[in-house]
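Written below as structure tokens is the structure these notes are about.
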Amino acid sequence: MCNRLKMKESNQIINEKYNKDNHIIYFNQEDEVPVIKFQVLEKIPFIKHGFSTKLGGVSTGDLATMNLSFHRGDMAETVTENYRRICEAIGLVKDNLVFSDQVHDIKIHKVIKADMGKGIVRDSDIKEIDGLITNEKDIPLVTFYADCVPLYFVDPVNKAIGLTHSGWKGTVRRIGNETVKAMKENYNSSPDDIIAVIGPSICRDCYEVSEDVANEFRTNFKEEIVDKILEEKENGKYQLDLWLVNKYILMEAGIKEENITISSVCTCCNHDILFSHRATKGKRGNLAAFLSIS
Numbered sequence: 008m009c010n011r012l013k014m015k016e017s018n019q020i021i022n023e024k025y026n027k028d029n030h031i032i033y034f035n036q037e038d039e040v041p042v043i044k045f046q047v048l049e050k051i052p053f054i055k056h057g058f059s060t061k062l063g064g065v066s067t068g069d070l071a072t073m074n075l076s077f078h079r080g081d082m083a084e085t086v087t088e089n090y091r092r093i094c095e096a097i098g099l100v101k102d103n104l105v106f107s108d109q110v111h112d113i114k115i116h117k118v119i120k121a122d123m124g125k126g127i128v129r130d131s132d133i134k135e136i137d138g139l140i141t142n143e144k145d146i147p148l149v150t151f152y153a154d155c156v157p158l159y160f161v162d163p164v165n166k167a168i169g170l171t172h173s174g175w176k177g178t179v180r181r182i183g184n185e186t187v188k189a190m191k192e193n194y195n196s197s198p199d200d201i202i203a204v205i206g207p208s209i210c211r212d213c214y215e216v217s218e219d220v221a222n223e224f225r226t227n228f229k230e231e232i233v234d235k236i237l238e239e240k241e242n243g244k245y246q247l248d249l250w251l252v253n254k255y256i257l258m259e260a261g262i263k264e265e266n267i268t269i270s271s272v273c274t275c276c277n278h279d280i281l282f283s284h285r286a287t288k289g290k291r292g293n294l295a296a297f298l299s300i301s
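Remember, the working numbering sits 7 above the position in the sequence shown when you count from 1.
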């Protein structure tokens, strides 16, 4: 079941936690940009992180107001101002950001100092990349969303991080597992140590898929998992649980179940606060996930 994010009549966001496990901190002091954060990551002293909302920026129309995409018809200076605002709210250096280049694939890019600023202040050669990893300080990783699943990874032992975009295509091909493998190979990360968060994205009740998508999951996952993640409907379509299947993938990769947090915040249910491709039939801006070592 997903969580509805509450609003005051004044449209100021209530400063309170939204689920019983205290996984989410969602706040807005006066004159602040709203940022979704996760309790489990807040407890790690060397981590800065956040997930944007559609509030607190300067974009207009269908992109109002915190659009973080340079590729949806917004003016570059407007998007840049949005980044300035949200980076200030999270405590990141805007010009150090490194962007993914998402194509619903499973490629992971190791971010190094030479990548600093790619996508935000200079052209990027990071192409067709849905996942980013690094162990460098002060180089924030950024990935983009409007219903797909953000996966956050933190290795507190080796001080390494990963941030991955997992739509249904990336999920069925287990991009979460690919991220864990990349962290093991590059930073000697042990899955036993990794803390993972499945961030705001479309919930099972909102995510109807066709027979061909359902068959991809039937082909690639065990029957006992398929029975839990797919629900057939009378119209021949299916409800797909991307949160649960990604949890299974992370557990397959060796991450302990107790180290996996599902945010339970649905972008589609909360499309008044979060951009949702499905809820708005594509008329929307982009949300972004941020993760950095400080």
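Built from N, CA and C at the ideal position, the CB exists for glycine as well. This structure is a prediction, so every number in the text was calculated from the model and none was measured.
In this structure, DSSP gives Thr268 an extended state, which the three-state scheme calls strand.
Secondary structure remark: continuous alpha helix (DSSP H) runs of at least 4 residues inside the region 226 to 262, in chain order: 230 to 236 and 249 to 259. For Arg129, the pairing in a beta bridge is given by DSSP as Lys125.
The shortest CA-to-CA distance from Val179 to any of Val272, Asp219, Lys144 and Glu192 is the one to Asp219.
The Cβ atoms of His284 and Asp154 lie closer than 7 Å to each other. About 6 Å separates the CB atoms of Leu247 and Leu237; that is less than 8 Å, so the two are in contact.
Per DSSP, the continuous alpha helix (DSSP H) segment holding Leu48 begins and ends at Gln46 to Glu49.
Following the DSSP letters along the chain, one finds Thr87 inside the alpha helix (DSSP H) bounded by residues Ala83 to Ile97.
Within the same chain, Asp137, Gly138, Gly177, Arg180, Arg181, Ile182 and Glu185 come within 8 Å of Ile113 by CB-CB distance, once the 5 residues on both sides are set aside.
For the pair Met82 and Ser59, the CB atoms are not nearer than the 7 Å cut-off. Per DSSP, Ile182 is not a residue of any beta strand (DSSP E); the alpha helix (DSSP H) it occupies stretches across Ile182 to Tyr194.
Membership of Val110 in any alpha helix (DSSP H) is not indicated, and neither H nor E is assigned to it by DSSP. An exposed status is given to Asn242, since fewer than 16 other beta-carbon atoms sit within 10 Å of its beta-carbon.
One Cα belongs to Ser217, the other to Lys244, and the distance between them is close to 5 Å. Between the beta-carbon of Asn103 and that of Met123 there is about 5 Å, and that keeps the pair under the 8 Å contact cut. Taking the Cα of Glu135 as reference, the smallest distance to any Cα among Gly126, Val110 and Thr150 is reached at Val110.
Taken through DSSP and simplified to helix, strand or coil, Thr287 comes out as helix. Straight-line measurement puts the Cα of Asn195 at about 41 Å from the Cα of Leu70. Sequence-distant partners of Ile269 (beyond 5 residues in either direction) whose C-beta falls short of 7 Å from its own C-beta, in its chain, are Ile205, Trp250 and Lys254.
Non-local beta-carbon contacts of Lys125 in its own chain, meaning distances under 6 Å to residues more than five positions away in sequence, involve Val105, Ser131 and Ile133 in chain order.
The beta carbon of Lys263 is closer than 6 Å to none in its chain, skipping five residues each way along the sequence.
A straight-line Cα-Cα distance of about 20 Å links Lys290 and His172. In the DSSP secondary-structure assignment, Gly64 is not bridged to any residue.
The three-state secondary structure of Glu215, taken from DSSP, is strand.
In the structure shown, Ala221 falls within a helical segment according to DSSP collapsed to helix, strand and coil. Measuring C-alpha to C-alpha distances from Asn89 to each of Phe160, His116 and Gly63 identifies Gly63 as the nearest.
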